[in-house]
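See below for the structure under consideration.
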Amino acid sequence: MTAHRAISGAGIGLAVCLLALLPLAGLPAFYDSFLYIVFYWISLATSWAILSGFGGYFSFGHAAFFGAGMYTTATLSVKFGVPFLVTLPAAAAVAASLAVGVGAIVFRLKRLRGELFALLTLAVSFILATIILNTPIDGGAGILTSSVPLPHIMPSPSQTIYLLGMLMCVGTLALAYIVAHSRLGLGLYAIHDDEDVAEVKGVPTFRYKLAAFAISAAIAGAVGGVHATYVGFLTVSETFGITVPLYVVLMSVLGGARHWLGPAVGAALIAASLYTFTSGDQAMIGRGLVALVLIVAILILPDGIVPSFLRWRARWTAQRATAPLPPVEAPQPAATPSGGDRPANAQDSGIDRPVALAIRDARKSFGGLQALRGVTLDIHEGEILGLVGPNGSGKTTLINVITGHFPLSSGEIRLGGAPIQALPAHEIARRGVARTYQIPRPFMHLSVLDNVAMAAAFGSADHGRAASIEEARRWLDFTGLRAKESALPAELNLHERKFLELARALSAEPQLLLLDEVLSGLNPTEIDHAIALIRQIRDRGTTIVFVEHLMRAVVELSDRIAVLNEGTLFALGEPGSVMRDPRVVSVYLGKAHAA
Amino acid sequence: MPSFTLLGQSLVSGVLVGGLYGLVALGLSLSWGLLRLVNLAHFAFAFLGAYLVYQMGTSWHLSPWWAVLLIVPLFFALGVVQHAIFLYFRVVELTSLLVTFGISVIIESALQWIWTADFRRFETPYASVSLKIGAMYVPVVELIGCIAAAGLAWATWAWLRWTYVGKALRATAEDPEIAVAFGVNQRFLSFLLSGVCAAYAGIAGAFIALISTLAPSQIWAWLGVVFAVVIIGRLGNPLGALIAGMLIGAAESVAMATFSPAWAPVVSFSALIVLLLWQPDWL
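Chains A and B, in that order, are what the protein sequence lines are.
All residue numbers in the first sequence are consecutive under numbering that gives the first Met the number 0, ending with 594.
All residue numbers in the second sequence are consecutive under numbering that gives the first Met the number 0, ending with 282.
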């Protein structure tokens, strides 16, 4: 494995050196220019994909960042005589700060954020173009950059530009690879699939989006800086036109925007084919054809060339590999009801133990609707608290305010003594609170293993990548999903998805686990299995709050039961006494029986 | 500081131009708000309509008012065909943005192929006629455009609010599955609305032909300001689109008169950014 890695590393290094020396081989100057353009588009498309492909926020304003870099380099080098190489970091910095400014506005939005992001980035390029056009930066006359002195790295200026373009391209691809395989990348993939869940699983979504946007824009800015010398003459209409945003989107989507190499493949294909239509009417037909390819590609290969190819290859090798082997063993029910000897409503139910979560007068209203009207409740370490109540009584809202998904209207929630009601959801997840969703919300484009590994990586224990995969496998074993680890969530049935939810919550190693109707929709055997699992989890020391309609399971599992009704705590106590309480019977069980 | 008359004049022409923004925004707002499809090709459709009106006017001497009667059914059919493709390939919100981006570029190339990239002006006898009200001049064509925009916006609003079809459309936008469960024929309604939106694009195109100069690249000139109008006017709200269009038109026009015409684009986008920062409940 390591030898293999060393060989491929050496191969890449050799290829880069050969590419760098290519202009010295005496090819016609045409090739310098052609290859530069391919590198240029690969860098731009890949930089776009770091936010828009990985994180799913489509930017239509890549021209703004690219153009900011172009004009930074042009202004600094032409008007202030700054050495060309020094202007490139400046171009990257200007573009990155512009992105951080835009991101700080739009990434705070809760609704329509994808669409508004696309529009705002579009708007920013219009505003920037207007400002540059009407101020001395350009003034409408354009800037002549062909006289900017280039460093003498290569014998001729065009060869130097080639080399800079190539280095930029290699650097961008390396950065995209690193991001795709880092925590940031994992977080971005999760944001792409379901941002709210990502936040609740511990991904600092706001910071991650901002970081990805800044990286993406910085690369575009630096690429623009190099390009300023390539074009020789800058005009606002060319720089901020629709070409750059159109082509980067098209190239990335064609190649596969979620894969680090996808945009490069798409860019190489399209840049090469565009080079054949360079003049006059042909250029126009070329644009039309490229647009047609975009439409067909999105309709037929919505995931792009590289991911489609990888999936095809995986299926092909899997077929060859599994054919001679015996079929995979059916998963053992990993959990046997070992905790069954423990009486559910034992006297040592944990009332004397320290308080894990203290809720004080928690209120939450949505407009005129009061979902929680002052709930006060202590949850003790190591107990299983059953949370019941009729539909609309505020059970799920209570979970949502504990995890920080909704801010409290008033009141206080303390976890281990520290107030958490003002913390962002990802911070609460870090402190050891995990939840499952009543309707499973897996990350649809991540494999079962990655779904769980992602939660492990961002959960309360800070695992590295390898450790989080190991941790994830442990919980897949525990829930009996190990055999499906490379499947996508869409291939799982409801029971398996519910257990995936559970594995994802457990791999975060929570101190407090909130289970929202994990049993609903399961058949009696599956319910027995799930009850046994929940007992085992508690035996590991985890505190569990457990929302459920299924009374058999509630009575069997809970140390105490809390009954919510119309947003208030209606009854609290041992299962036996609460269930005999005539008020509870009339309010809750009466309705349940009637249903 | 410009004179009071100049300010008043720029306010009037701004509101009139804003009516046209509202007219272009109308179809876009409806398809985005009610069908969850972001139809970038709406602008390209409008310009296609504008060029058709121009062509019929110059080569057949057909009055634009008659041309609109031909344009409306033609564009309705165009909208239905586009929607059939969307449904067949299960196009969703973000993909629709990309696909219609591609459609726009193809239409732009086709326009350039047929009518070249030159700017063209549709000369009509009434193009330069103005009413003089007090000290203000009101160009007749723009006034008619503004009245048409207001009429369409109001009619659409009434249609959505009071008719069965309108209520069913709004219900579908809220929750398609529940609406279908209550017997709403979602497929039929979505085809109907797509056709209507495209027809609105055609009507807007006729006024674009009458009021402004045509060039294929102008498709993109409208994009930014109209999207700002759609968002400020609230998605799927026809009257909102009209009012937002007039406000932005007036703001732009006053900005042009007080500062410099070149700065006008900054006004609408700044309004959009301020709105995003403010985040009112109705957004």
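All C-beta atoms, glycine included, are put in the ideal place defined by N, C-alpha and C.
Practice item. Could you tell me whether the Cβ atoms of A:L597 and A:A507 are closer together than 9 Å? Key: Given a span of 0 to 594 for chain A in the structure shown, any question on residue 597 of chain A remains unanswerable.
Buried versus exposed call for A:V577 [16 or more other C-beta atoms within 10 Å across all chains shown]: As a first step, residue 577 of chain A must be located in the first sequence, where it is residue number 578. Classification of A:V577: buried, given that the 10 Å Cβ count is 16 or more.
(message) Taking 9 Å as the threshold (C-beta atoms), are A:L549 and A:V562 in contact?
(response) Numbered from 1 along the first sequence, position 563 holds the residue referred to as residue 562 of chain A. Numbered from 1 along the first sequence, position 550 holds the residue referred to as residue 549 of chain A. For A:V562 and A:L549, no; Cβs fall outside 9 Å.
message = Measuring alpha carbon to alpha carbon, tell me which residue in A:I11, A:G12, A:L13, A:L34 is nearest A:P22.
response = Indexing the first sequence from 1 puts residue 22 of chain A at position 23. With distances taken between Cα atoms, A:P22 lies closest to A:L34.
Per-residue DSSP class, three states only, for B:S2:
Taking the second sequence and counting its residues from 1, one reaches residue 2 of chain B at position 3. Here B:S2 sits in coil by DSSP.
Quiz item: For a contact meaning CB atoms closer than 9 Å, what does B:V98 contact in chain C?
Solution: Reference to chain C is not applicable here, since the protein chains of this structure are A and B.
- Query: So, does the CB of A:V243 fall closer than 9 Å to a CB anywhere in chain B?
  - Reply: The residue labelled residue 243 of chain A in the question sits at position 244 within the first sequence. Not closer than 9 Å to any Cβ of chain B, the Cβ of A:V243 fails to qualify, so no.
DSSP-derived helix/strand/coil call for A:H226: Within the first sequence, numbered from 1, the residue matching residue 226 of chain A stands at position 227. Here A:H226 sits in helix by DSSP.
inquiry  = A:L475 and A:L448 - do their beta-carbons sit closer together than 9 Å?
reply    = On the first sequence, residue 448 of chain A is found 449 positions in, with the first residue counted as 1. On the first sequence, residue 475 of chain A is found 476 positions in, with the first residue counted as 1. Contact flag set, yes.
**Q.** Beta-carbon contacts of A:G338 that lie in its chain and below 8 Å, excluding the five residues immediately before and after
**A.** The sequence position of residue 338 of chain A within the first sequence is 339, counting from 1. Unreliable positioning characterises A:G338 in this predicted model, as indicated by a pLDDT of 39, which lies under 50. A coordinate reading is not provided.
- Determine, using beta carbons only, whether B:V265 comes closer than 9 Å to chain A. What you label residue 265 of chain B is simply residue 266 of the second sequence in a count that begins at 1. Answer yes: the Cβ-Cβ gap between B:V265 and chain A drops below 9 Å somewhere.
Identify whether A:E411 lies in helix, strand or coil by the three-state DSSP scheme. In the first sequence, the residue the question calls residue 411 of chain A occupies position 412. Note: A:E411 maps to strand in three-state DSSP.
**Asked** Taking the C-alpha atoms as reference points, what is the distance between A:N390 and A:P418?
**Response** Residue numbering aside, residue 390 of chain A sits at position 391 when the first sequence is read from its first letter. Residue numbering aside, residue 418 of chain A sits at position 419 when the first sequence is read from its first letter. Straight-line Cα distance between these residues: approximately 29 Å.
Open item on the list: Taking its Cβ as the centre, do 16 or more other Cβ atoms sit within 10 Å of B:L34, making it buried, or is it exposed?
Closed with: Here residue 34 of chain B is taken as the residue at index 35 of the second sequence, counted from 1. Classification of B:L34: buried, given that the 10 Å Cβ count is 16 or more.
Exercise for review: Return the first residue and the last residue of the alpha helix (DSSP H) that A:H425 is part of.
Suggested key: Here residue 425 of chain A is taken as the residue at index 426 of the first sequence, counted from 1. Note, A:H425: alpha helix (DSSP H), 424-429.
I want to see whether chain B comes within less than 9 Å of A:V123, judged by CB atoms only; does it?
As a first step, residue 123 of chain A must be located in the first sequence, where it is residue number 124. Yes, because at least one Cβ of chain B sits closer than 9 Å to the Cβ of A:V123.
Checklist entry - What residues from chain B crowd round A:P301, counting only those whose CB sits closer than 8 Å? => result As a working mapping, residue 301 of chain A is identified with position 302 in the first sequence. Near A:P301 (Cβ distances below 8 Å), the residues of chain B are T94.
- Per DSSP, what kind of secondary structure is B:A134 in: helix, strand or coil? Counted from its first residue, the second sequence places residue 134 of chain B at position 135. Three-state DSSP puts B:A134 in coil, outside helix and strand.
**Request:** Rounded to whole angstroms, what's the CA-CA distance from A:A2 to A:Q318? Just pull it up for me.
**Result:** Position 3 of the first sequence, counted from the first residue, corresponds to residue 2 of chain A. Position 319 of the first sequence, counted from the first residue, corresponds to residue 318 of chain A. Roughly 27 Å between the two C-alpha positions.
Run through chain B and tell me which residues come within less than 7 Å of A:V252, C-beta to C-beta.
Looking up residue 252 of chain A in the first sequence gives position 253. Per Cβ cutoff of 7 Å: L97.
Q) Around the Cβ of A:Q678, are there at least 16 other Cβ atoms within 10 angstroms (buried) or fewer (exposed)? A) Lying outside 0 to 594, the shown extent of chain A, residue 678 of chain A is not represented and no answer is given.
Which of the three DSSP states is assigned to B:V52 in this structure? If you number the second sequence from 1, residue 52 of chain B lands on position 53. Residue state, collapsed to three classes: helix.
Counting along the chain, where does the beta strand (DSSP E) carrying A:T542 start and finish?
For the purposes of this step, residue 542 of chain A is taken as the residue at position 543 of the first sequence. Here the beta strand (DSSP E) through A:T542 covers 542-546.
A:P574, buried or exposed, once every other Cβ within 10 Å from all chains shown has been counted against 16:
Here residue 574 of chain A is taken as the residue at index 575 of the first sequence, counted from 1. That one is buried.
Quiz prompt | Other residues of its chain near A:V147: CB distance less than 7 Å, five sequence neighbours each side excluded | solution = Against the first sequence, residue 147 of chain A aligns to sequence position 148. Hits under 7 Å: S76, V77, F83, T228.
- Message: Can you tell me where the alpha helix (DSSP H) holding A:L368 begins and where it ends?
- Response: Along the first sequence, one-based indexing puts residue 368 of chain A at 369. Per DSSP, A:L368 belongs to no alpha helix (DSSP H); it is in the beta strand (DSSP E), 368-379.
- Task: Sort A:H61, A:L149, A:A421 by Cα distance to A:A117 and report the nearest one.
- Result: On the first sequence, residue 117 of chain A is found 118 positions in, with the first residue counted as 1. A:A117 has its Cα closest to that of A:H61, out of A:H61, A:L149, A:A421.
Beta-bridge partners of A:A570, as assigned by DSSP:
In the first sequence, the residue the question calls residue 570 of chain A occupies position 571. In DSSP, A:A570 forms a bridge with A:V562.
Discussion item. Assuming the contact rule is C-beta atoms closer than 8 Å, B:C145 and B:G26 should be a hit. Round their C-beta distance to whole Å, please.
Written reply: What you label residue 145 of chain B is simply residue 146 of the second sequence in a count that begins at 1. What you label residue 26 of chain B is simply residue 27 of the second sequence in a count that begins at 1. In fact, because the Cβ distance is near 17 Å, the residues do not count as touching under 8 Å.
Practice problem: Quick one: grab the DSSP three-state call for A:I142. | Solution: Position 143 of the first sequence, counting from 1, holds the residue named residue 142 of chain A. A:I142: strand per DSSP, three-state reduction.
Between A:E484 and the rest of its own chain, which residues show a CB-CB distance below 6 Å, the 5 nearest in sequence each way excluded? Here residue 484 of chain A corresponds to residue number 485 of the first sequence, with the count starting at 1. Cβ within range, chain order: V447, L448, L475.
- Task: Note down the Cα distance separating A:L26 from A:A219, rounded to an integer number of angstroms.
- Result: Your numbering for residue 26 of chain A matches position 27 in the first sequence. Your numbering for residue 219 of chain A matches position 220 in the first sequence. When rounded, the distance between both Cα atoms is 29 Å.
Considering only their Cβ atoms, is the gap separating A:A217 from A:A98 smaller than 9 Å? Along the first sequence, one-based indexing puts residue 98 of chain A at 99. Along the first sequence, one-based indexing puts residue 217 of chain A at 218. Yes, they are a contact pair.
Quiz item: Can you round the beta-carbon distance between A:A90 and A:A221 to whole angstroms, since I take them to be within the 8 Å contact cut?
Solution: The sequence position of residue 90 of chain A within the first sequence is 91, counting from 1. The sequence position of residue 221 of chain A within the first sequence is 222, counting from 1. Indeed, because the Cβ distance is near 6 Å, the residues count as touching under 8 Å.
Among B:G101, B:G78, B:Y163, which has the Cα closest to the Cα of A:L253? For the purposes of this step, residue 253 of chain A is identified with residue 254 of the first sequence, where counting begins at 1. Nearest of B:G101, B:G78, B:Y163 to A:L253, Cα basis: B:G101.
Three-pair Cβ contact test at 8 Å for the region 403-419 of chain A versus the region 148-165 of chain A: no
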